[in-house]
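Asks:
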Amino acid sequence: MLATTIAGLVSITAAAIFSFALLSKVVERMVSLSVGIMLSTSLLHALPEAFESGADSHALFATLLAGLLAFFMLEKVAVLRHSHHHEGDGHHHVHGHDAREAGKAGWMILVGDGLHNFTDGILIAAAFLANPKLGLVTGLAIIAHEIPQEIGDFIVLLNAGFSRTRAYAVNLICSLMAVAGGLLGYFMLGRASEMIPYVLVFASSGFIYIAVSDLMPQMQRRATLRETIPQVILIAAGVAIVLLLIGHAHQH
Numbered sequence: 043m044l045a046t047t048i049a050g051l052v053s054i055t056a057a058a059i060f061s062f063a064l065l066s067k068v069v070e071r072m073v074s075l076s077v078g079i080m081l082s083t084s085l086l087h088a089l090p091e092a093f094e095s096g097a098d099s100h101a102l103f104a105t106l107l108a109g110l111l112a113f114f115m116l117e118k119v120a121v122l123r124h125s126h127h128h129e130g131d132g133h134h135h136v137h138g139h140d141a142r143e144a145g146k147a148g149w150m151i152l153v154g155d156g157l158h159n160f161t162d163g164i165l166i167a168a169a170f171l172a173n174p175k176l177g178l179v180t181g182l183a184i185i186a187h188e189i190p191q192e193i194g195d196f197i198v199l200l201n202a203g204f205s206r207t208r209a210y211a212v213n214l215i216c217s218l219m220a221v222a223g224g225l226l227g228y229f230m231l232g233r234a235s236e237m238i239p240y241v242l243v244f245a246s247s248g249f250i251y252i253a254v255s256d257l258m259p260q261m262q263r264r265a266t267l268r269e270t271i272p273q274v275i276l277i278a279a280g281v282a283i284v285l286l287l288i289g290h291a292h293q294h
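Just so it is clear: in the sequence shown, position 197 is 239 by the numbering used here, and no numbers are missing.
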């Protein structure tokens with residue numbers, strides 16, 4: 043419980059400091075960085091880990107499909123819930139962002155993040171039960187890969203109109219899912235370990251859906267060459283950050 047709590051607090055606080063100090067004034071542009079981080083975390087880390095676990099690939103693809111459809115329906119609910127937003131509600135951006143469109147991703151990212159934290163908690167519990175030293179290394183590795191992901195989450199939340207305090211608070215609440223996963227992993231390790239690939243795939247479906255359905259269309263509205271070049275560079279930077287940290291974690 044201590045390891046999962048520290049992992050959540052450290053990663054979220056570090057991401058918040060970096061996001062709020064350096065990125066809050068350029069949130070719209072940094073959405074591109076978030077897209078790179080979210081897609082590479084899902085497609086280059088979480089999904090390969092799930093499919094290499096030995097779980098049935100057909101069941102995993104079915105979970106991916108179910109997750110995409112579930113987030114589609116969740117977005118429908120978010121659209122209805124936020125239909126009262128308007129261009130003059132205080133969230134309007136100078137480059138033409140529609141706050142109602144941006145706001146949908148804010149709540150969906152929290153669902154995906156909560157599920158991802160849940161699987162991290164299970165992994166930490168499994169590692170500690172196998173070997174306390176392995177548990178410590180696993181906790182450090184999870185902090186390393188969570189920081190860029192949490193930066194991406196903060197960018198999405200700020201872009202969706204969340205205040206800094208609110209963005210930090212809801213992310214902190216999501217981090218408690220790691221503690222829940224750790225408890226489940228400790229008391230039901232055999233069954234919980236079988237759940238990990240499916241929870242990873244479902245969480246990844248959320249990150250993929252948000253990036254492709256909500257964030258990338260925002261970026262496409264600014265299709266000039268002057269805007270496109272920074273977008274491509276920041277997407278590549280997001281991918282590079284994840285690849286660097288994944289490679290470092292695998293070395294340990």
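Backbone N, C-alpha and C fix where the C-beta goes; we use that ideal spot for every residue, glycine too. Fair warning: this is a prediction, and the values are worked out from it, not measured in the lab.
Could you tell me the distance, in whole angstroms, from the CA atom of GLU91 to the CA atom of VAL254?
Replies: Going by C-alpha positions, GLU91 is about 21 Å away from VAL254.
Asks: Given ILE250, which residues of its chain have a CB within under 6 Å of its CB, disregarding the five upstream and five downstream residues?
Replies: SER84
Asks: Could you tell me whether the stretch 93-107 touches the stretch 269-284, using the rule of 3 or more Cβ pairs below 8 Å?
Replies: no
Asks: Touch check for the stretch 259-268 and the stretch 206-221: three-plus C-beta pairs under 8 Å?
Replies: no
Asks: Which residue comes first and which comes last in the alpha helix (DSSP H) that contains LEU218?
Replies: 206-229
Asks: Restricting to Cα atoms, I'd like to know which of PHE60, ARG263, HIS100, ILE189 is closest to SER217.
Replies: ILE189
Asks: Taking the continuous alpha helix (DSSP H) assigned at ALA202, which residues delimit it?
Replies: Here ALA202 belongs to no alpha helix (DSSP H), and DSSP marks it neither H nor E.
Asks: Going by the CB atoms, is the gap between MET72 and ILE238 shorter than 8 Å?
Replies: no
Asks: On the premise that GLY177 lies in contact with GLY3, defined as a C-beta separation below 8 Å, what is that separation, rounded to the nearest angstrom?
Replies: What is shown of the chain runs 43 to 294, which leaves residue 3 out entirely.
Asks: Using a 10 Å radius around the Cβ and a threshold of 16 neighbouring Cβ atoms, would you call LEU286 buried or exposed?
Replies: exposed
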